[in-house]
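K.L.:
So the numbering used here is basically just the index in the sequence shown, starting at one, shifted up by 106.
One structure, pasted below without further comment.
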Amino acid sequence: MAEDNEASPDCVRITLRMTPQQRDLLCRAAAVAGLPVSTFVLRSACQAAEEPPIEEQPGASSSSVESLPTFTKPARQRWESIPADIRKRLLSNVWCGHCRHETTITHFSGTIKGADLLLVGQCTACHGDVARVIEGS
Ligand SMILES: [Zn+2]
Numbered sequence: 107m108a109e110d111n112e113a114s115p116d117c118v119r120i121t122l123r124m125t126p127q128q129r130d131l132l133c134r135a136a137a138v139a140g141l142p143v144s145t146f147v148l149r150s151a152c153q154a155a156e157e158p159p160i161e162e163q164p165g166a167s168s169s170s171v172e173s174l175p176t177f178t179k180p181a182r183q184r185w186e187s188i189p190a191d192i193r194k195r196l197l198s199n200v201w202c203g204h205c206r207h208e209t210t211i212t213h214f215s216g217t218i219k220g221a222d223l224l225l226v227g228q229c230t231a232c233h234g235d236v237a238r239v240i241e242g243s
């Protein structure tokens, strides 16, 4: 092993730690690819770097707004069946009788009333009680 040209700025030295089995596998893979092992390793590394990162599953409980501890189970199920953009709109155009204009509901809880989903919470502006009924279809 005569890799002693540390001074060369173009030379990047990569040390791979692997088991003999991994090394054997790598050598065979390189042989199959018809490349020297070093070239094969570099090419693989470059390919890996170019691959886009694996995207997270959409809708996989990553929504920040809605951890819903105060929802009853059926209410939660109903609420979660509504598309997120519509939910956002439902929350942001709640009538506040104190403010006398539309407001956003916060700290809300959800229950099922008959066929309807009832959200009860607070006005973001005056912290008065507000409610929103989402009619069952
Ligand atoms: Zn208000």
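Every residue, glycine too, gets a C-beta built ideally from N, C-alpha and C.
Under a criterion of Cβ closer than 7 Å to any non-hydrogen atom of ligand 1, which residues qualify, in chain order?
P.N.:
C202, H204, C205, T209, C229, A231, C232, G234, V236
K.L.:
Does the distance from the CB of A237 to the CB of C202 come in under 8 Å?
P.N.:
Position 131 of the sequence shown, counted from the start, is the residue given in the question as residue 237. Position 96 of the sequence shown, counted from the start, is the residue given in the question as residue 202. Not a contact, by the Cβ cut-off of 8 Å.
K.L.:
If you reduce the DSSP assignment to three classes, tell me which class I218 lands in.
P.N.:
To locate residue 218, count along the sequence shown from 1; it is residue 112. Three-state DSSP puts I218 in a strand.
K.L.:
Going by DSSP in three states, T230 sits in which element: helix, strand or coil?
P.N.:
As a first step, residue 230 is located in the sequence shown; it is residue number 124 there, counting from the start. Here T230 sits in coil by DSSP.
K.L.:
Using three-state DSSP, classify D235 as helix, strand or coil.
P.N.:
By one-based count along the sequence shown, residue 235 stands at place 129. D235: strand per DSSP, three-state reduction.
K.L.:
Whose CA, out of F214, D222, G220, lies closest to the CA of Q228?
P.N.:
Along the sequence shown, one-based indexing puts residue 228 at 122. When only C-alpha atoms are compared, the closest one is F214.
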